[in-house]
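Below: the structure, in C-alpha cells.
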Amino acid sequence: MDYFEIDVDLPEYLYGHPFNEVFLKGDLSKKSNSYEITIETRKDVTHTMIIAPGDVYPIVISSILPNGKTNGTKFGQSEDDLLFI
Numbered sequence: 046m047d048y049f050e051i052d053v054d055l056p057e058y059l060y061g062h063p064f065n066e067v068f069l070k071g072d073l074s075k076k077s078n079s080y081e082i083t084i085e086t087r088k089d090v091t092h093t094m095i096i097a098p099g100d101v102y103p104i105v106i107s108s109i110l111p112n113g114k115t116n117g118t119k120f121g122q123s124e125d126d127l128l129f130i
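Have a look at this one:
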C-alpha cells in the first residue's frame, strides 16, 4: 500500500501477503470507495486487485485467463477467511 501511497486500514496479515509483489508494476485507479490495481502478465493473464477498506472482504484478487475464464480469491478479515470465486 505504501508503494502506491494508499492510506487505508486493512487486516494486518494482508500487508505482508506475497500477492502484493505481483501488483507493484500495475496501474492504479480509484473508484468511489475503493482502489483497483491492474496488471497484465507475460502469459496474457490480467490480474486485478480491488482494495475496499471496511468491506467484509477488503481485498479481492481476480484474474482473466487467455481463454476468457475468470477466477479469484476474496480475502477476509482473518487469514482463514478466504472465498474462492
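Residue numbers (our numbering): 46 to 130. Beta carbons: idealized from backbone N, C-alpha and C, even for Gly.
- Approximately 7 Å separates the beta-carbon atoms of residue 92 and residue 106; this is inside 8 Å, confirming the contact.
- For residue 130 against residue 117, the beta-carbon gap comes to about 5 Å, under 8 Å, which counts as contact.
- Contact annotation: residue 49 and residue 82 have beta-carbon atoms nearer than 8 Å.
- DSSP places residue 85 in the uninterrupted beta strand (DSSP E) bounded by 80-85.
- Per DSSP, the continuous beta strand (DSSP E) segment holding residue 120 begins and ends at 115-120.
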